[in-house]
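Since the structure comes first, as C-alpha cells, the remarks are kept for the end.
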Amino acid sequence: MTETDKIKDLNGVFSRQRIAKVGTGTTTRRVAQVGYYFVEQVDTDLFQVRPLNNNFVPTGDAEEITHEELLQDYNPEPEMYHKQVLPNMKELQKTLARADRYRKQGNTFSAEMEYTNALKVDEYNVRGNFGVGLCLMERGEKDRANDIFARLIAMDAPFAGEHKHMFNEFGINLRKSKMIPQAVEYYAKAISLSPKDEHLRYNLARALFDDQNYKKVREELAACLEINPDFAEAKKFIAYLDKNKLG
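Per numbering that gives the first Met the number 0: the sequence shown = residues 0 to 246.
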C-alpha cells in the first residue's frame with residue numbers, strides 16, 4: 000500500500016476538540032467543545048474539511064488543511080460516518096436526483112418541493128438552491144427567484160466545477176428572464192472565482208450586451224480571446240459589434 004492509499008483511508012468523519020471561553024468577568028471559564036467534520040482528500044497532502052450540521056450532513060464552505068494538521072488536530076469517527084452521516088448523505092442525493100428528474104420532465108412544482116426537502120436537510124446545498132431558482136424562473140416567478148439569486152451570490156460553492164452546468168443554466172435563465180443586472184453580477188462573481196474560464200466571460204459579455212454596455216462587452220470578448228484565441232463564438236460576436244458599429 001502506497002502512502003497515498005494510506006491517506007485516502009483517512010477520508011470520512013472526524014471530530015475536533017477546541018477550548019472556548021464562556022461567561023464574563025469572574026464567571027469566565029474554559030470549556031471543551033467538540034465539533035464534527037466531513038473530510039475529503041483533494042490532493043496527496045491536502046484535505047477539505049466541512050462541518051456537519053444538526054442533520055449529520057456536511058454543509059457550508061470547505062476549509063483546506065494538510066495531512067499533518069488532520070492527524071494532529073482531528074480524531075476519526077468511523078461509527079458516526081457509517082451509521083449516521085453516510086446514510087443521510089445518500090438520502091439527500093436521492094432527494095436531489097428525484098428533483099432533477101421532475102424538473103427535466105417539466106414538473107417544476109414537484110421538483111421545487113423535492114429541492115426544498117433537500118434544503119431542509121442542508122440549507123446551503125448548492126444543487127438544491129440552484130434547482131429552486133431554476134424552477135422559479137421557469138415559472139416566471141422573478142421576485143422569489145431574486146431571493147434565491149441573493150443567497151447564491153453570497154456563496155462561494157455555486158462556482159465549483161461539479162456545479163458548473165447548473166451554474167451556467169442559472170445564469171442563462173437570469174438573462175432570458177430579463178433579470179439583466181442580476182445576470183451581470185452573477186457572472187462577474189463567477190469570474191472573480193474562475194478568471195480563466197472563457198465561457199463565463201462570454202456569457203458575461205452577452206449579459207452586458209443586453210444591458211447595452213457595449214464597451215464592456217468588447218472588453219470581456221477580448222479577455223475571452225486572450226484566454227482562448229480559437230474561441231469562434233467570441234470572434235463572431237466581435238464581428239457583429241463591428242458590423243453594427245457598437246462600442
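From the three backbone atoms N, C-alpha and C, an ideal C-beta is built for every residue, glycine too. Here the structure is a predicted model, which means the values were calculated and not measured.
Could you give the residue range of the alpha helix (DSSP H) that holds residue i?
i	result
TYR239	231-242
PHE166	163-175
PHE208	197-209
LYS89	85-103
PHE37	Run containing PHE37: none in the alpha helix (DSSP H); it sits in the beta strand (DSSP E), 28-42.
GLU113	107-120
ARG138	From DSSP, ARG138 is part of no alpha helix (DSSP H); its letter is neither H nor E.
TYR186	179-192
Considering only residues of the same chain and omitting the five flanking positions on each side of residue i, which have a CB-CB separation below 7 Å?
i	result
GLU113	THR94, ARG97, ALA98, TYR101
MET0	Bear in mind that the predicted position of MET0 carries a pLDDT of just 42, short of 50, making it unreliable; the figure below should be weighed with that in mind. No residues qualify anywhere along the chain.
GLU232	TYR201
When you compare each of the options to residue i by their alpha carbons, which one comes out closest?
i	options	result
ASP210	LYS175, ASN227, SER191, ALA221	LYS175
ARG126	LYS177, ASN167, PRO86, PHE230	ASN167
ASN271	ALA61, THR107, PHE108	No answer is possible for residue 271: it lies beyond the span of the chain, which begins at 0 and ends at 246.
ALA204	SER193, PRO194, ARG217	ARG217
PHE248	GLY246, GLN104, GLU232	Residue 248 lies beyond the stretch modelled for the chain, which goes from 0 to 246, so this question has no answer here.
LEU151	LYS103, PHE230, LEU173, HIS198	LEU173
PRO194	PHE108, CYS223, ALA149	CYS223
ASN53	HIS162, ASN87, SER191	ASN87
Quick one: what's got a C-beta closer than 6 Å to residue i's C-beta in the same chain, skipping five residues either side?
i	result
LYS235	none
MET165	PHE129
MET136	ALA144, ASN172, SER176
Quick one: give me the first and last residue of the beta strand (DSSP E) that residue i is part of.
i	result
LEU220	No beta strand (DSSP E) holds LEU220; the alpha helix (DSSP H) holding it covers 213-226.
Residue i bridges to which residues according to DSSP?
i	result
GLN16	VAL33
PRO57	LEU51
THR65	LEU45
PRO75	PHE13
VAL21	ARG28
Starting from the C-beta of residue i, find all residues in its chain whose C-beta is less than 8 Å away, skip the five residues before and the five after it, and write them out in chain order.
i	result
GLY22	ARG28
> Does the count of Cβ pairs from the region 10-17 and the region 32-39 closer than 8 Å reach three?
Replying inline: Taking a cut-off of 8 Å for Cβ pairs, the region 10-17 and the region 32-39 touch, as three or more such pairs fall below it.
>> Quick check: the region 35-48 against the region 69-83, are at least 3 beta-carbon pairs closer than 8 Å?
In response: Yes, the region 69-83 is in contact with the region 35-48.
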